[in-house]
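The structure appears below as structure tokens.
Numbering (full-length UniProt numbering), first residue to last: 1 to 215.
Structure below.
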């Protein structure tokens, strides 16, 4: 029996016969030093890779069973085929919803014996689905931009006047804009539910809000 963990291959066997029994266990793995620190790995081929995906803990490497991003944001691709395009795909299932992968797939074509360093950009910040209507009860125009108090775009108005926003503070004011005049703006004061930083969020928080015109 064999089990591939993110950090090693583990195996065990049991044998029995007349007058005897035999048990054995074993493990194989590697320790990789790289610019981001030290990461444990499954057994390595001559050509392997280092993934950096900061804050993307528990994102899984699709091509290698058991490999996932560790708590510091690193993972080891235990084998790559040299002189060929290798697809490096991360599955975000298992990540906290407060982190987003900007891209989930990359390709590398390494030389034999090389160790490519593969960076996956991430965006961190609290995320929420905001169900919102204007003060007169009408829905917001589809596709309207949503910005925070620093004028950073954090989302768009989707179907049914719902906003998916990322990078939110615990509370604040969002500005929704769908035109060029003052009547095409409104503001959404919001307060998110209390957040346990030590607990992984596996679903998006949902809140209701009203968008009031600028005074």
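Just so you know, even glycine gets a beta-carbon here, dropped at the ideal spot from N, CA and C.
State the Cα-Cα distance for the pair residue i and residue j, rounded to the nearest angstrom.
{"i": "residue 128", "j": "residue 208", "result": "10 angstroms"}
{"i": "residue 42", "j": "residue 145", "result": "45 angstroms"}
{"i": "residue 78", "j": "residue 139", "result": "51 angstroms"}
{"i": "residue 185", "j": "residue 120", "result": "35 angstroms"}
{"i": "residue 86", "j": "residue 44", "result": "16 angstroms"}
{"i": "residue 130", "j": "residue 160", "result": "11 angstroms"}
{"i": "residue 100", "j": "residue 165", "result": "12 angstroms"}
{"i": "residue 190", "j": "residue 95", "result": "25 angstroms"}
{"i": "residue 141", "j": "residue 64", "result": "44 angstroms"}
{"i": "residue 149", "j": "residue 211", "result": "15 angstroms"}
{"i": "residue 157", "j": "residue 132", "result": "9 angstroms"}
{"i": "residue 66", "j": "residue 104", "result": "17 angstroms"}
{"i": "residue 181", "j": "residue 84", "result": "54 angstroms"}
{"i": "residue 152", "j": "residue 179", "result": "17 angstroms"}
Comparing C-alpha positions only, which one of the options sits nearest to residue i?
{"i": "residue 167", "options": "119, 131, 185 and 155", "result": "155"}
{"i": "residue 118", "options": "40, 186, 193 and 80", "result": "80"}
{"i": "residue 36", "options": "60, 179, 113 and 75", "result": "75"}
{"i": "residue 89", "options": "51, 70 and 98", "result": "51"}
{"i": "residue 93", "options": "134, 54, 213 and 59", "result": "59"}
{"i": "residue 169", "options": "125, 136 and 143", "result": "125"}
{"i": "residue 107", "options": "151, 163 and 49", "result": "49"}
Identify, in the order they occur along the chain, each residue of the same chain with its Cβ nearer than 6 angstroms to the Cβ of residue i, setting aside the five sequence neighbours on each side.
{"i": "residue 110", "result": "47, 80, 82 and 116"}
{"i": "residue 175", "result": "147 and 187"}
{"i": "residue 54", "result": "73 and 122"}
{"i": "residue 71", "result": "57"}
{"i": "residue 32", "result": "39, 41 and 76"}
{"i": "residue 171", "result": "191"}
Looking only at its own chain, which residues have a Cβ that is under 8 angstroms from the Cβ of residue i, when we skip the five neighbours before and after it?
{"i": "residue 203", "result": "97"}
{"i": "residue 183", "result": "213"}
{"i": "residue 162", "result": "129, 130, 131 and 132"}
Drop a sphere of 10 angstroms on the beta-carbon of residue i, count the other beta-carbons inside from all chains shown, and report buried for 16 or more, exposed for fewer.
{"i": "residue 102", "result": "exposed"}
{"i": "residue 69", "result": "buried"}
Rounded to whole angstroms, how far is the Cβ of residue i from the Cβ of residue j, which I believe are closer than 8 angstroms?
{"i": "residue 205", "j": "residue 193", "result": "6 angstroms"}
Grab me the residues of residue i's own chain with a C-beta within less than 7 angstroms of its C-beta, minus the 5 sequence neighbours each way, in chain order.
{"i": "residue 134", "result": "140, 186 and 211"}
{"i": "residue 113", "result": "46 and 47"}
{"i": "residue 91", "result": "59, 60 and 62"}
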